[in-house]
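Reading through the structure tokens given below for one structure.
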Amino acid sequence: MAAHVTTPGTVEPKMWMGGIEPMKASYGKLMMWFFLISDTFTFSALLVAYGTARFSFPSFVGKAANFTFSDLYWPIPEKVYESVPFLHGTSLPLVFVGIMTFILIASSVTMVLAVEAGHRMDRANVEKYMLWTILGGFTFLGCQAWEWSHFIHGTEAGTMMKVFENGSFVEKVIHGANLTQNQYGPPAFADFFFFITGFHGTHVFSGVILNILIFFRSATGFYDKRGSYEMVEKVGLYWHFVDLVWVFVFTFFYLV
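In this text, residue positions in the sequence shown follow this note's numbering: the first is 2, and each later residue adds one.
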């Protein structure tokens, strides 16, 4: 093995030997990145499991106009997610979830502006953009609550399916979905929908709570006294992660 030789007159590169900024990042940001990486593995495992279940079922064969709900094949997303609040009976495939996605992405933009204002120590703009981010988060959660409610209650006509009751299979009209029965298709479809979108919604709710805390501390001048708005950037990393994960959830559930 060759020995390490330092030429006289040259400065040997120094590795990080401890301190408050490993790899030129504070411990807070570094730990946030570690947490987000571990959370990435969790979401990836859930989406891989969904993909495995999705392609273990046959797809509907025929034109989309002739599609009907059945537990014999996986449902077509645009036939499941076609409702919009206050427009009962109008088929608008994926319009509502598209609005939800736009709201969440817009809240990520306002978070970027809040972080940028924090770098300039601009307290007023940090408060303003954090409020917009909080509003976007609450709006997204409200939209998701409506979507869950509609998904659970189902359509007025329902779907005739065979269900196991009292030791035998009987034909029964199913309305909506839960963890055991699903009007829209195989029960696994509803199980994954509730678990993955619910898990993501929990992350959004946690992010909103963190944003409220950051807004409160900013409004009371806490970060001005500390001389740094780095905490806004740390929470911003989490919020951007939540937005990015939704892009993948949206792709898997609503487009594939």
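Every residue, glycine too, gets a C-beta built ideally from N, C-alpha and C.
Residues that residue i bridges to, as DSSP identifies them
| i | result |
| --- | --- |
| V174 | M161 |
| W75 | S60 |
| N183 | A178 |
Residue from the options with nearest C-alpha to residue i
| i | options | result |
| --- | --- | --- |
| V248 | I135, Q182 and I104 | I104 |
| W240 | Y255, T203, L88 and T221 | T203 |
| H176 | A220, G155, P76 and T43 | G155 |
| A281 | E148, D40, Y230 and T140 | Outside the modelled stretch of the chain, which goes from 2 to 257, sits residue 281, for which no answer is possible. |
| T111 | V62, L238, V257 and R218 | L238 |
| I77 | G99, D244 and Y185 | Y185 |
| V257 | F56, S27 and F42 | F56 |
| D72 | K173, L245 and H89 | K173 |
| L48 | F195, P59 and K226 | F195 |
| M161 | F97, G143 and P187 | P187 |
| A191 | F42, F70 and T41 | F70 |
Cβ-Cβ separation, residue j to residue i (assumed contact under 8 angstroms), whole Å
| i | j | result |
| --- | --- | --- |
| I215 | M131 | 6 angstroms |
| I135 | N212 | 5 angstroms |
| A220 | E128 | 6 angstroms |
| A54 | F193 | 6 angstroms |
| A107 | G137 | 6 angstroms |
| Y51 | F253 | 6 angstroms |
| F68 | F61 | 5 angstroms |
| F139 | M101 | No, F139 and M101 are not in contact; Cβ-Cβ is about 12 angstroms, not under 8 angstroms. |
| Y255 | V98 | 5 angstroms |
| G143 | E234 | G143 to E234, Cβ: 27 angstroms. No contact. |
C-beta atoms of residue i and residue j nearer than 8 angstroms
| i | j | result |
| --- | --- | --- |
| L93 | V81 | no |
| V243 | V205 | yes |
| A178 | I197 | no |
| V1 | F44 | The structure shown does not extend to residue 1, since the chain spans only 2 to 257, so no value can be given for it. |
Residue i beta carbon near the ligand PLP (any heavy atom closer than 7 angstroms)
| i | result |
| --- | --- |
| F35 | The ligand PLP is absent from the structure shown, which contains no ligands of any kind. |
Point to revise | Residue ranges of each alpha helix (DSSP H) within the segment 92–121, 4 or longer | key: 96–120
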